[in-house]
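**Student:** Got a structure for you, questions after.
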Amino acid sequence: MSRTSRRTFAALAASAAAVLALSACASSTGGEGSSGGDVTLSYAIWDENQKPAMEDIAAAFEEENPNVTIDIQVTPYKEYFTKLQTAATGGSAADVFWMNGPNFPLYASNGQLAPLDDAGVDAADYPQGLIDLYTFDGKLYGAPKDFDTVALWYNKELFDAAGVDYPTAGWTWDDFTAAAAALTDPAKGQFGVAASQYGQENYYNSIAQAGGEVISADGTESGYGSPEALAGIELWTDLIEAGSSPTAQQMTDTNPEDFFLSGKVAMFQNGSWAAIAYGDNAEIADKVNVAPLPEGPEGNQSVIHGVGNVANAKSSHPAEAQAFAAFASGEKAAQIQAESGTVIPAFNGTQQAWVDALPQYDLQVYIDALDTAVPYPVSKNTSAWTSIESEVLSQVWSGAVAPEAGLKDLAEQMQTALDAEQE
């Protein structure tokens, strides 16, 4: 995904109402088997940065299947799932489209996706966590396309000027917070870190590093009521309180990443998708590098997530759609993605080409993060509780509500939403 596509999943388009709308959708042009003759498949994606690689993948598929033409359709992430929901409800969704973990259960459970078990996708070719993410009721509906983990980006010039050692493997939370303080210079409007209210990049990781969880593995129990979750949240709110980070209001007025890009923030946790963007940014390309996340009480766990290619169960060309979804996540496609440097391909054994594509950065840290990675938290209707999460934590980040009280409230409201999913 692009950076704009992955800040958080708090604004997911899926909702309880969408579940009903999708399940009620009966209009379709689907059928069984190959349609024969010339076929045009629509392929919906959300990242303009990845379009060139997707065009190369489409061309490779077309070469092997000369009767098929792939029409790539790019919709910005902030509009993507709203548009997809509307199209799926009307029976006009793309033949093949990108899917993410939080939205996947909604579409799989309402018959919108075609199974890929018999389309040439071998589960052994992918990290198990991604296979699990795109499996529903024992069937694989998503072919893992890529994955992302999280690491710590830092501005070498700001570290050098402050006389602070660069972050390394084994850095602890204490090292992290001490460096953030040392790198903060109010006279220059400079901060050590951007303690943004971002789940995937920040507090989902620190909650795991403290030994807690956002949601239980089966997606039925909130983890926000635990002391470990509180510790994971307070890592960030304490940085704001100490003045080592811009305030919540400042990070509302100015995108937190923009502080880092402009040299006003020395450290910024970000996903692997950031590498290509930073490498292409002339203002910071030579000033930054990346290191492993700092370790909490239980380690330096990173959240792992990945995009899946899915086939529309209502496609007019179901066989071709399933074949392309599988191909677009296969080894040849993975090599194309890796060499572009845009994302880490999910296909096992192809990740090194992604690391090698940007040798100026220590990108191996993103691959090494797989060893202790934890899954992105999802449930059957993830947006039912992420909206609550966003609202409550915004009050915590602003200081209007104390973290302990806020998390108690969040745990209770989230549990009510999760209980409703089981009814």
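215 is the number of the first residue of the sequence shown in the numbering used here; add one for each residue after it. Just so it is clear, CB atoms sit at the ideal spot from N, CA and C, and this is done for glycine as well.
In whole angstroms, give me the CA-to-CA distance for D261 and T289.
**Tutor:** Here residue 261 refers to the residue found at position 47 of the sequence shown. Here residue 289 refers to the residue found at position 75 of the sequence shown. Near 7 Å, if we compare the C-alpha coordinates of T289 and D261.
**Student:** Can you round the beta-carbon distance between S486 and A409 to whole angstroms, since I take them to be within the 8 Å contact cut?
**Tutor:** On the sequence shown, position 272 is the one that residue 486 refers to. On the sequence shown, position 195 is the one that residue 409 refers to. Actually they do not touch by this definition, with Cβ atoms about 21 Å apart.
**Student:** By a C-beta neighbour count over all protein chains shown, 10 Å radius and 16 as the cutoff for buried, is I558 buried or exposed?
**Tutor:** Walking along the sequence shown from the start, residue 558 turns up at place 344. I558 is buried by the Cβ-count criterion.
**Student:** Between the Cα of N419 and those of S543, Q629, T600 and P591, spot the shortest distance and give me the residue it belongs to.
**Tutor:** Here residue 419 refers to the residue found at position 205 of the sequence shown. The residue with the shortest Cα to Cα distance from N419 is P591.
**Student:** Could you tell me the boundaries of the beta strand (DSSP E) in which Q287 lies?
**Tutor:** Your numbering for residue 287 matches position 73 in the sequence shown. Unbroken beta strand (DSSP E) run through Q287: V282 to V288.
**Student:** Which residue wins for smallest C-alpha separation from W387, given the options A539, Q423 and N317?
**Tutor:** Taking the first residue of the sequence shown as 1, we reach residue 387 at position 173. The candidate whose alpha carbon is nearest that of W387 is Q423.
**Student:** Which runs of the alpha helix (DSSP H), 4 residues or longer, sit entirely within the stretch 535–590?
**Tutor:** DSSP runs (the alpha helix (DSSP H)) wholly in the stretch 535–590: 545–554, 565–571 and 578–582.
**Student:** Quick check: the stretch 387–407 against the stretch 356–363, are at least 3 beta-carbon pairs closer than 8 Å?
**Tutor:** no
**Student:** Which whole runs of the beta strand (DSSP E) in the stretch 354–412 are 3 residues long or more, in chain order?
**Tutor:** Unbroken beta strand (DSSP E) runs of no fewer than 3 residues, entirely contained in the stretch 354–412, are found at 364–369 and 405–407, following chain order.
**Student:** With 16 as the cutoff for other CB atoms within 10 Å, does Q287 come out buried or exposed?
**Tutor:** Here residue 287 is taken as the residue at index 73 of the sequence shown, counted from 1. When all chains shown are included, Q287 counts as exposed.
**Student:** For G169 and I271, what's the separation of their Cα atoms in angstroms?
**Tutor:** Because residue 169 is not part of the residues shown, which for the chain are 215 to 637, the question remains open.
**Student:** On the premise that G425 lies in contact with G437, defined as a C-beta separation below 8 Å, what is that separation, rounded to the nearest angstrom?
**Tutor:** Here residue 437 corresponds to residue number 223 of the sequence shown, with the count starting at 1. Here residue 425 corresponds to residue number 211 of the sequence shown, with the count starting at 1. At roughly 10 Å, the Cβ-Cβ gap does not stay under 8 Å, so G437 and G425 are not in contact.
**Student:** How would you label A240, buried or exposed, when you count the other beta carbons within 10 angstroms and need 16 or more for buried?
**Tutor:** Within the sequence shown, residue 240 is the residue found at index 26, counting from 1. Interpretation of A240 is limited by its pLDDT of 37, a score under 50 that renders its predicted location unreliable; the figure taken from the coordinates is listed afterwards. Exposed, by the Cβ-count rule.
**Student:** For G413, count neighbouring Cβ atoms within 10 angstroms of its own Cβ and tell me buried if that reaches 16, exposed if not.
**Tutor:** In the sequence shown, counting from the first residue as 1, residue 413 sits at position 199. So G413 ends up on the buried side.
**Student:** Can you grab the Cα-Cα spacing for the pair P441 / L621, in whole Å?
**Tutor:** Locating residue 441 in the sequence shown gives position 227, counting from the first residue. Locating residue 621 in the sequence shown gives position 407, counting from the first residue. Using only the alpha carbons, I get a separation of about 10 Å.
**Student:** Using beta-carbon positions only, say whether P617 and I447 come within less than 8 Å of one another.
**Tutor:** Taking the first residue of the sequence shown as position 1, residue 617 is located at position 403. Taking the first residue of the sequence shown as position 1, residue 447 is located at position 233. Taking 8 Å as the Cβ cut-off, P617 and I447 qualify as a contacting pair.
**Student:** Any C-beta of chain D sitting closer than 8 Å to the C-beta of S554?
**Tutor:** Going by chain labels, chain D is absent from the structure shown, which holds only one protein chain.
**Student:** Per DSSP, what are the beta-bridge partners of S505 in this structure?
**Tutor:** By one-based count along the sequence shown, residue 505 stands at place 291. Note that residue 505 is Ala in the sequence shown, not Ser. Per DSSP, L366.
**Student:** Just reading off the alpha helix (DSSP H) that Y294 is part of, what are its end residues?
**Tutor:** Stepping through the sequence shown from its first residue, residue 294 is reached at position 80. Looking at the DSSP string, the run of the alpha helix (DSSP H) that includes Y294 is Y291 to T303.
**Student:** How long is the line joining the alpha carbons of A499 and D374, rounded to whole angstroms?
**Tutor:** Within the sequence shown, the letter at position 285 stands for residue 499. Within the sequence shown, the letter at position 160 stands for residue 374. Cα-Cα distance, rounded: 16 Å.
**Student:** In or out: T630 buried (at least 16 other Cβ within 10 Å) or exposed?
**Tutor:** Here the question's residue 630 lines up with position 416 in the sequence shown. Counting Cβ neighbours within 10 Å, T630 comes out exposed, since fewer than 16 surround it.
**Student:** Between the Cα of P511 and those of D389, A302 and D332, spot the shortest distance and give me the residue it belongs to.
**Tutor:** Your numbering for residue 511 matches position 297 in the sequence shown. When C-alpha distances from P511 are compared across D389, A302 and D332, the shortest belongs to D389.
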